[in-house]
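Engineer: Got a structure for you, written out below as structure tokens; questions coming shortly.
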Amino acid sequence: MKYKLLSSIFYSDNENYETFYKNRFNSESTYKFNFKVGNYNSFVVINHEILQRVERVIEMDKQLLLQLKSVPIIAIDQYTKKCLIDEIKMTNEIEGVNSTRKEINDILNDKTDKKKQERLYGLVKKYEMLLYEDIKLETCKDIRNLYDELVLKEVVKEDSSNEPDGNIFRKNKVYVQSPTGNIIHSGVYPEDKITESMSQCLNILKNEEYNFLIRIAVFHYMFGYIHPFYDGNGRTSRFISSYLLSRKLQHLVSYRLSYTVKENIKSYHKIFKVVNDEKNRGDITYFVIKFFDILIESINDLCTSLNERYNKLKYFRSIINNMSEDEKIKSILFVLIQNTLFGDSGLSVSEICEISKVGNSKVRKALKDLKDKGVLLIEKDGRKYMYDINLDKITNYS
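Going by my numbering, the first residue of the sequence shown is number 27, and it counts up by one from there.
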């Protein structure tokens, strides 16, 4: 049964509208929150649609784990990096910030902090450490510290007037506009109200009486509703949600949220607008349902993508024996095939050596032989050459 919005009931069954609202709000299966949306305390009805989706997320996460176990670790590492680049690029695109895969990849490959002054550095490095770093989300100051690390530099560079000017957040009003320029939401105001709302929001996130996945969805909505900064709210909110998801689900899920949001950007903006409607009286249920739909789509896409690549990997692995009898060359070929199928860009000689455990001279000789066979794809990145395999050409060896 499709969940009916209170705003829809207001028009279709106005006589019973108040009764519908009270029944929902006072139900034993309702999560009630100390957080106002407009003039009403917010709540989520834990109905069949939500329970069904929570169960589906958990089931699909297990399916994704099985899929990951079947894929070689090298391929998983390359695929993880590809998804990470996708995620960073998409979270920027949602906010109209242009970024290239190459500049993101260059920052990820920087182990010396030489690119520390370049744009996107904070966001890229924070996403890179998302799986390994414990991020404090206890206080408003924690939110501001995270914002500063993630996007402050880029926000100020794009428009210095968007630098937060309050004690922690913004001190003036802000309006959320649609792509056509229409105002669709006015963020919480003034700053003491922002601080109060964000504190309430963080308390909800920490409250273990509520289901963890539901807390993530609710926090995602509330952060967008508060809109604590002039700019960079979406990137910060999506990063927090990705970080929280990484604590409960498979690591790849945390690198797919923005990608799926971008694929469904119109409906993503619409669910905020719909739930913000005063006639919905703080009912966030619809947002939670739709957030879970995005999450389910994310995991499903990952499972499908990995399965397709794994089937291709099995096929091409069977061809390797026909291309060489040398075990080291076979190892190099298998590394290159994995990278071509699962990775985002070619591998350098040193990377091939490290992954295949084959010496430099042997790798270079193998690459020359593969080049002579016409199966090698070569690109130049600065002074380095990057290598991939032309999969269409090696099918000739089947």
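We treat Cβ as the ideally placed atom computed from N, Cα and C, and that holds for glycine. Just so we're clear, the structure is a prediction, and the values are computed from it rather than from any experiment.
(1) Where does the unbroken beta strand (DSSP E) through Q203 begin, and where does it stop?
(2) Contact defined as beta carbons within less than 8 Å: I believe Q104 pairs with G369. What is the distance between those atoms, to the nearest angstrom?
(3) Name the two residues that bound the continuous beta strand (DSSP E) containing I404.
(4) Would you be able to state if there are at least three C-beta pairs under 8 Å between the stretch 48-64 and the stretch 101-116?
(5) When the Cα atoms are used, what is the spatial distance from N337 to C329?
(6) Measure the Cβ-Cβ separation of Y29 and E75 and say whether it is below 9 Å.
(7) As an exercise, report each continuous alpha helix (DSSP H) stretch of at least 4 residues that is fully enclosed by the stretch 63-141, in chain order.
(8) Indicate whether the contact test is met: 3 or more Cβ pairs, each with one atom in the stretch 143-152 and one in the stretch 171-178, closer than 8 Å.
(9) So, helix, strand or coil for N24, using DSSP?
(10) Using 8 Å as the threshold, is the stretch 30-37 in touch with the stretch 209-216, meaning 3 or more CB pairs across them?
(11) Which runs of the alpha helix (DSSP H) fall wholly inside the stretch 156-212 and span at least 4 residues, in chain order?
(12) Roughly how many whole angstroms lie between the Cα atoms of Y201 and V181?
(13) Classify L77 as buried or exposed, calling it buried when 16 or more other Cβ atoms lie within 10 Å of its own Cβ.
(14) Please name the residue in C166, Y158, L332 and N302 whose C-alpha comes closest to that of R273.
(15) For K316, which residues in the same chain have their Cβ closer than 6 Å to its Cβ, ignoring the five residues on either side in sequence?
(16) For L146, which three-state DSSP category applies?
(17) Identify every residue that forms a DSSP beta bridge with M412.
(18) Take N326 and list the residues in its own chain whose beta-carbon comes closer than 8 Å to its own, dropping the five residues that flank it on each side.
(19) Should Y294 and V301 be called a contact, given that it needs their Cβ atoms to be closer than 9 Å?
(20) Decide if N306 is buried, meaning its Cβ has at least 16 other Cβ atoms within 10 Å, or exposed.
(21) Name the two residues that bound the continuous alpha helix (DSSP H) containing I297.
(22) Could you tell me which residues DSSP puts in a beta bridge with Y57?
(23) What number of angstroms, rounded off, separates the C-alpha of G258 from the C-alpha of K399?
(24) Under 8 Å by Cβ, that's how I've got N348 and Y423 pegged, so tell me the actual separation to the nearest angstrom.
(25) Helix, strand or coil, according to DSSP, for D309 in the structure here?
(26) Give the single residue among L275, K62 and V279 whose Cα lies nearest to the Cα of M224.
(27) Determine the burial state of M116: buried for a count of at least 16 other Cβ atoms within 10 Å of its Cβ, exposed for fewer.
(28) DSSP three-state call for L339: helix, strand or coil?
(29) For the alpha helix (DSSP H) that Q226 lies in, which residues bound it at each end?
(30) So, with DSSP's three-state summary, where would you put L373?
(31) Alpha carbon to alpha carbon, what distance is there between P98 and Y236?
(32) Does S314 come out as helix, strand or coil in the three-state DSSP assignment?
(33) State the Cα-Cα distance for the pair G64 and D139, rounded to the nearest angstrom.
(34) In three-state terms, what does DSSP make of Q364?
(35) Rounded to the nearest angstrom, what separates I120 and E353 at their Cα positions?
Structural biologist: Well, looking at it:
(1) Y201 to Q203
(2) 4 Å
(3) L402 to D407
(4) no
(5) 12 Å
(6) yes
(7) 74-96, 99-120 and 127-135
(8) yes
(9) Absent from the model: residue 24. The displayed extent of the chain is 27 to 424, so no value can be given.
(10) no
(11) 166-173 and 179-184
(12) 16 Å
(13) exposed
(14) Y158
(15) I297
(16) coil
(17) E405
(18) M86
(19) no
(20) buried
(21) I291 to N302
(22) V70
(23) 49 Å
(24) 5 Å
(25) strand
(26) K62
(27) buried
(28) helix
(29) E217 to K232
(30) strand
(31) 37 Å
(32) Note that residue 314 is Val in the sequence shown here, rather than Ser. It is helical.
(33) 45 Å
(34) helix
(35) 46 Å
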